[in-house]
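Student:
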Amino acid sequence: MPSKESRNTRYEQGTEVQKYLYASGESGLALKQIATKHHQNQEPNYAKFALLVGDVVLGFYSANQLVSLLQKELSIDQATAESITPDILEFLKPLSNPNWKSSEGEIQDLVDKIEVQEISSEIAETEAVLETTISPIRTMAGDSNQKEQVYSSHQSAILNERK
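Residue numbers (my numbering): 348 to 510.
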């Protein structure tokens, strides 16, 4: 992996898009979302993941090397590395556009897209668990259809019950 000094030099000499993808808060959020989606958001893997993508942004590695680099640096299998790569390539798209200008919407759209996918899968998982563990809630409408004895709590009914 490149040294901190060589990263700093490349960053200073980098294009606007490289600097934006490497250091902006918006791109950092997008990277965190990608890592979270693929369960790589815990240390030390997240730091390695972020540095690796940053090294691709700065041109130390080509995007074609992502699968093997992810496997090596994160100690993950090939299938996992291949599932992460499309999201990283989507994140890196601005690098291939020579006329790219920083706009808040572009990276934010990517973050939103990843968040929606992540949230919808979490909702499905939660619903599946809830269906098997929680009994249905009793309601007045449901109780009115049952043939159970109904008890009254007003005073005259209680006094008449004792007689």
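No residue lacks a Cβ here, since even glycine has one placed at the ideal position from N, Cα and C. Here the structure is a predicted model, which is why all the values come from computation and not from measurement.
Where does Asp434 sit, in a helix, a strand or coil, going by DSSP?
Tutor: Counting from one through the sequence shown, the residue named residue 434 turns up at place 87. Of the three classes helix, strand and coil, the one that applies to Asp434 here is helix, per DSSP.
Student: Does DSSP put Tyr408 in a helix, a strand or coil?
Tutor: Within the sequence shown, residue 408 is the residue found at index 61, counting from 1. Three-state DSSP puts Tyr408 in coil, outside helix and strand.
Student: Grab the span of the alpha helix (DSSP H) containing Glu373 for me, first residue to last.
Tutor: If you number the sequence shown from 1, residue 373 lands on position 26. Its alpha helix (DSSP H) spans residues Gly372 to Lys384.
Student: DSSP three-state call for Thr362: helix, strand or coil?
Tutor: Taking the sequence shown and counting its residues from 1, one reaches residue 362 at position 15. Residue state, collapsed to three classes: coil.
Student: Can you tell me whether Leu506 is buried or exposed, with buried defined as 16 or more other CB within 10 angstroms of its CB?
Tutor: Within the sequence shown, the letter at position 159 stands for residue 506. Exposed: under 16 other Cβ atoms inside 10 Å.
Student: Under 8 Å between the Cβ atoms of Asn388 and Lys379?
Tutor: For this step, residue 388 is matched to residue 41 along the sequence shown. For this step, residue 379 is matched to residue 32 along the sequence shown. Taking 8 Å as the Cβ cut-off, Asn388 and Lys379 qualify as a contacting pair.
Student: Just checking, does the region 414-428 make contact with the region 473-484 on the three C-beta pairs under 8 Å criterion?
Tutor: The region 414-428 is not in contact with the region 473-484.
Student: Grab the span of the alpha helix (DSSP H) containing Tyr415 for me, first residue to last.
Tutor: Counting from 1 along the sequence shown, the entry for residue 415 is found at position 68. This sequence places Ser at residue 415; Tyr is not what is there. Element bounds for Ser415: Leu413 to Leu421.
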